[in-house]
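The numbers in the working numbering rise by one with no breaks, and the one at position 3 of the sequence shown is 134.
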Amino acid sequence: MHRAVRTISIVMILIGFAASFGYILTLMEIPMKITTAFLTLSDNRYVILMCINVMLLLLGTVMDMAPLILILTPILLPVIIGIGVDPV
């Protein structure tokens, strides 16, 4: 029981920090700047998707996947929608 509570508390702390980090990024308009940078990188959507995949591969080697998804989803979702990929 003690181990389960410890694991749940760690996950909840990660979610809390990810939410506050996302809020700070939104206040600083970082997602819009990243979206603009990715969209000016190339007109070809496959090049942009390949760059996103390489970035995720590199970040995945140094970060756990759950916080990585929580942090990068609000940043990369506008890029994906901007190049015409269905977000579902």
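Virtual Cβ for every residue (Gly too), placed ideally from N, Cα, C.
Linking Pro198 to Val216 through their CA atoms gives a straight-line distance of about 23 angstroms.
Distance from the CA of Ile202 to the CA of Arg134, rounded to the nearest whole angstrom, comes to 26 angstroms. In the three-state reduction of the DSSP assignment, Pro218 falls in the coil class. In this structure, the alpha-carbon of Ile165 lies about 26 angstroms from that of Ile144.
Per the C-alpha coordinates, the member of Gly153, Pro162 and Leu158 positioned closest to Ile211 is Pro162. The C-beta distance from Ile183 to Leu207 rounds to 6 angstroms, short enough to fall under 8 angstroms. For Asn175, the three-state secondary structure derived from DSSP is coil. Each residue's CA atom was taken as its position, placing Gly191 and Met159 some 24 angstroms apart.
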